[in-house]
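In our numbering, the protein residues as written are 36 to 417. In what follows, a structure is listed as structure tokens, so that the remarks can point back to it.
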């Protein structure tokens, strides 16, 4: 009790100097807690943005010859695969290898735009927002319509409204049926022009591949992938390549692992700084209190009590700084999450900051405490 009482007096009696140490420890702890909270919250937000909920997006890339088959017979067998909820043709501009020059009255010089080929069933696989008009991709090539991504429509100065919805694709006039914007895991369609498979011939376009997108129940992806290629292209299933979005649960584990690695690296740096600051402060305190220590030793106070006094004082500095840092870091993390619309995530692990602060304070004060206990009162009282 003597050591704790003297430690409290030491902390309060030199509060100005000790406040700097407490502030430094608190800032280190706050940075650690804030970084951990923001990292976990941001990774959780990323997972939510790429997750399809209970389903996973699977892409099947078929050879160019698959364009000769109508959508209904092509997808007929895929509906019998257990776990497949829906499917449709959606060949993005990169997969199709198609580019065309689009121009309008507002922009007669035109722009080069990637061409995506999709059916209504294929578009249903993506998270699309219709900004203007309505999705309409008729199979009848006589009705030439196109869907424009929001960026393309903006660059061409057109909309889906009558009188403002005519553009040319490689010199052929078509009507803009809708302006769309893609959100979620991809935004490629926002920068593309989307046409129906039936419009390929009249526009003189030939994609290099045909991509079918499927929504598969996440827990059945592995088993469903065994049958997708054969159901879509039984003539040569080996020519079909399949890819599935990474399981969000695996992505979460990887992100959290990388986050923990970064936090640990920074933690080691902060530990070194905290120990150095506390040790330096306690060494200065001992220098200022030589005579006081000599008087205590002369009145019979043992070396252990002297060492315990300074050890407890250092531990208190670390503990007070850790508590302040925990509160400050939790507040900063919560504020950042609220500003960005993230879920506030702070694992119970952060509560270990307080005992860690006590431990580090004691560790930083160990050498100064030992030094104080070795002071000889006779030399100080001469």
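Don't be surprised by glycine CBs; every beta carbon is placed ideally from N, CA and C. Since we're looking at a predicted model, the values are computed, not measured.
{"Asked": "Exposure label - residue 189; buried when at least 16 CB within 10 Å", "Found": "exposed"}
{"Asked": "Nearest neighbour of residue 257, chosen from 340, 279, 271 and 243 [CA to CA]", "Found": "279"}
{"Asked": "8 Å Cβ cutoff met for residue 247 and residue 110", "Found": "yes"}
{"Asked": "Candidates 405, 302 and 182: closest to residue 170 by CA position", "Found": "182"}
{"Asked": "Where the beta strand (DSSP E) through residue 207 begins and ends", "Found": "207-217"}
{"Asked": "Other residues of its chain near residue 176: CB distance less than 6 Å, five sequence neighbours each side excluded", "Found": "The pLDDT assigned to residue 176 is 46, lower than 50, so where the model puts this residue is not dependable; a value taken from the coordinates is nonetheless given after this. Taken in chain order, the residues that qualify are 233, 234 and 237."}
{"Asked": "Limits of the beta strand (DSSP E) - the one that residue 149 falls within", "Found": "146-153"}
{"Asked": "Member of 317, 126 and 210 whose CA lies at the smallest distance from the CA of residue 342", "Found": "317"}
{"Asked": "Candidates 187, 230, 158 and 115: closest to residue 148 by CA position", "Found": "187"}
{"Asked": "Stretch pair the region 354-362 + the region 374-388: three plus CB contacts closer than 8 Å", "Found": "yes"}
{"Asked": "Close Cβ partners of residue 174 (< 7 Å) along its chain, the five nearest in sequence each way excluded", "Found": "Only weak support is given to the placement of residue 174: the predicted model assigns it a pLDDT of 47, under 50, and the question is left unresolved by the model."}
{"Asked": "Residue 202 - partner residues in DSSP beta bridges", "Found": "139 and 209"}
{"Asked": "Beta carbon of residue 76 nearer than 8 Å to that of residue 377", "Found": "yes"}
{"Asked": "Distance, residue 297 Cα to residue 168 Cα", "Found": "47 Å"}
{"Asked": "Check whether residue 213 and residue 165 have beta carbons under 8 Å apart", "Found": "yes"}
{"Asked": "Distance between residue 301 and residue 353 (C-alpha atoms, nearest Å)", "Found": "18 Å"}
{"Asked": "Limits of the beta strand (DSSP E) - the one that residue 230 falls within", "Found": "227-230"}
{"Asked": "CB of residue 60 within 8 Å of CB of residue 132, strictly", "Found": "no"}
{"Asked": "Endpoints, the alpha helix (DSSP H) within which residue 133 is located", "Found": "Per DSSP, residue 133 belongs to no alpha helix (DSSP H) and is neither H nor E."}
{"Asked": "Top-ranked residue by Cα proximity to residue 210, from 103, 392 and 138", "Found": "138"}
{"Asked": "Coarse secondary structure for residue 121, derived from DSSP in three states", "Found": "strand"}
{"Asked": "Under the three-state DSSP convention, the category residue 107 falls into", "Found": "helix"}
{"Asked": "Rounded separation between residue 264 and residue 78 - CA only", "Found": "33 Å"}
{"Asked": "Where residue 174 sits in the DSSP three-state scheme", "Found": "Here the model assigns residue 174 a pLDDT of 47, short of 50, so the residue's position is not dependable and the matter cannot be decided."}
{"Asked": "Spatial distance of residue 371 from residue 70 (CA atoms)", "Found": "10 Å"}
{"Asked": "DSSP state of residue 157 mapped onto helix, strand, coil", "Found": "helix"}
{"Asked": "Coil, strand or helix - residue 381 by DSSP", "Found": "coil"}
{"Asked": "CB contact flag (residue 249, residue 154, <8 Å)", "Found": "no"}
{"Asked": "Inter-residue spacing [alpha-carbon to alpha-carbon] between residue 409 and residue 366", "Found": "44 Å"}
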